[in-house]
């Protein structure tokens, strides 16, 4: 079992890489995280969204792939950290890998939305993609600590 983040965009900027590395050092199986970066499309608007979405779906391995897919989208469902920990634990308990998707500037197309098992909103605010990566790494660490009943998260 593994956690994989698919993110449209460039490599992590240094300040993001440092922050992500801080949390990745603390992540233990099954919460260990790998990143796969998908290049931005040179197109704009719908054409860019469709091209990037096709690349994401290709990395997922099609509609019959066994991964449990979280799609990060500001129009998704907002949940608290304990709920996220429980939502992550369920597929892990069923021996499923988890893929977390961060789309590009134009979002993702309906096919990616349909493939997602859960559409998760960090906030109704829109954040820079680099910052979303860092928040994701911290929330995965927080989920690990909640699942292990360790004191990092305070209610």
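In my numbering, the protein residues as written are 8 to 162. All C-beta atoms, glycine included, are put in the ideal place defined by N, C-alpha and C. Here the structure is a predicted model, which is why all the values come from computation and not from measurement.
Which same chain residues end up closer than 8 Å to residue i when comparing Cβ atoms and leaving out the 5 residues on each side of it in sequence?
i	result
residue 47	15, 16, 17, 55, 59, 111 and 112
residue 63	13, 15, 45, 108, 110, 115 and 119
Helix, strand or coil: how does DSSP classify residue i here?
i	result
residue 25	helix
residue 74	coil
residue 52	helix
residue 100	helix
residue 168	The first residue shown for the chain is 8 and the last is 162, placing residue 168 beyond what the model contains.
Which whole-angstrom value describes the C-beta separation of residue i and residue j, a residue pair presumed to lie in contact below a C-beta threshold of 8 Å?
i	j	result
residue 144	residue 40	7 Å
residue 11	residue 101	Not quite, the Cβ-Cβ distance comes to about 17 Å (not below 8 Å), so this is no contact.
Considering Cα atoms alone, identify which of the options is closest to residue i.
i	options	result
residue 24	94, 149 and 142	142
residue 94	21, 53, 151 and 28	151
residue 147	162, 90 and 130	90
residue 96	37, 20, 29 and 68	37
Who are the near neighbours of residue i in its chain, counting only those whose CB is closer than 6 Å to its CB and skipping five residues on each side?
i	result
residue 98	75 and 105
How do the segment 20-40 and the segment 124-132 stand: do at least 3 beta-carbon pairs fall below 8 Å, yes or no? no
Do three or more CB pairs link the segment 133-143 to the segment 83-95 at distances below 8 Å? no
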